[in-house]
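Please read the structure below before turning to the comments.
So this is what it looks like as structure tokens:
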């Protein structure tokens, strides 16, 4: 979330993809651990948007993950379906004075931070909207640099047609749209198998997603998941 003044330009533009991370970049390097020099761009403020019904106080099983969001400003969600909750989140951020915002789901814990940087960088240039396509036909990330409530209306949430419908909505709203590299989210057991593989290797995600790995192990220990991410 970064304040920004726009120059008033508008009008439809073709969808254009954002290039994937360059070779040699560490895609999972967390922002908090990246050394920052005097010339570095300011780090975007971070926050959490969550439904009160899903808080750790009401769902104790989520308590092990609550520490990951400790100290982050909280924006309560409101509305019925996912579209209303997303729209409400962007409206609140706009009311707080932010001109550029990116929202990601909690079900993509290994999302490379380079993609987040690309999202903000693209919005900083000339895009009105950025979308991160998910492999299941939805999206794992949505960002905007102007109010675009139309993006969240009439979308078939929970279906493989979410991304396609959202791209069409952006076109109808004359929004300049950029697609980020495709990533995955964790919705079904097969997705958890992939997450397990990511967390058991020696790559950066193993070190970065410690809470996710430990939480998943707890689910296995309690008999709610069939396998446990572990090293080696």
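In this note's numbering, the protein residues as written are 240 to 471.
Backbone N, C-alpha and C define an ideal beta-carbon position, used for all residues, glycine too.
**Request:** Can you tell me which of the three DSSP states residue 350 falls into?
**Result:** coil
**Prompt:** How many Å lie between residue 341 and residue 439 at the Cα?
**Reply:** Just so you know, the alpha carbons of residue 341 and residue 439 end up roughly 29 angstroms apart.
**Message:** Quick check on residue 412: buried or exposed, where buried means 16 or more other Cβ atoms within 10 Å of its Cβ?
**Reply:** buried
**Segments of 4+ residues assigned as alpha helix (DSSP H) that fall wholly inside the region 400-434** = Correct list: 401-411.
**Prompt:** Is it right to say residue 365 is buried, meaning 16 or more other beta carbons lie within 10 angstroms of its own, or is it exposed?
**Reply:** That one is exposed.
**For residue 345 and residue 449, the rounded distance between their alpha carbons** = Rounded to the nearest angstrom, the two C-alpha atoms are 14 angstroms apart.
**Request:** Grab the span of the beta strand (DSSP E) containing residue 371 for me, first residue to last.
**Result:** 368-372
**Prompt:** Any idea if residue 427 is buried or exposed, counting beta-carbon neighbours within 10 angstroms, 16 or more meaning buried?
**Reply:** exposed
**Asked** Can you name the residues that DSSP bridges to residue 340?
**Response** 383
**Message:** Once the 5 residues before and after residue 408 are set aside, which same chain residues still bring their CB inside 6 angstroms of it?
**Reply:** The answer, listed in chain order, is 389, 390.
**Asked** Would the beta-carbon of residue 377 fall within 8 angstroms of that of residue 355?
**Response** Going by C-beta atoms, residue 377 is not nearer than 8 angstroms to residue 355.
**Asked** residue 236 and residue 358 look like a contact to me (Cβ under 8 angstroms); what is the Cβ gap, rounded to whole Å?
**Response** The requested residue 236 does not occur in the structure, where the chain is confined to residues 240 to 471.
**Prompt:** residue 369: which of 360, 332, 416, 339 sits nearest, CA to CA?
**Reply:** 416
**Reduced DSSP category for residue 314 - H, G, I as helix; E, B as strand; rest coil** = strand
**Request:** Please name the residue, chosen from 331, 351, 421, that lies closest to residue 373 on a Cα-to-Cα basis.
**Result:** Nearest C-alpha to residue 373: 421.
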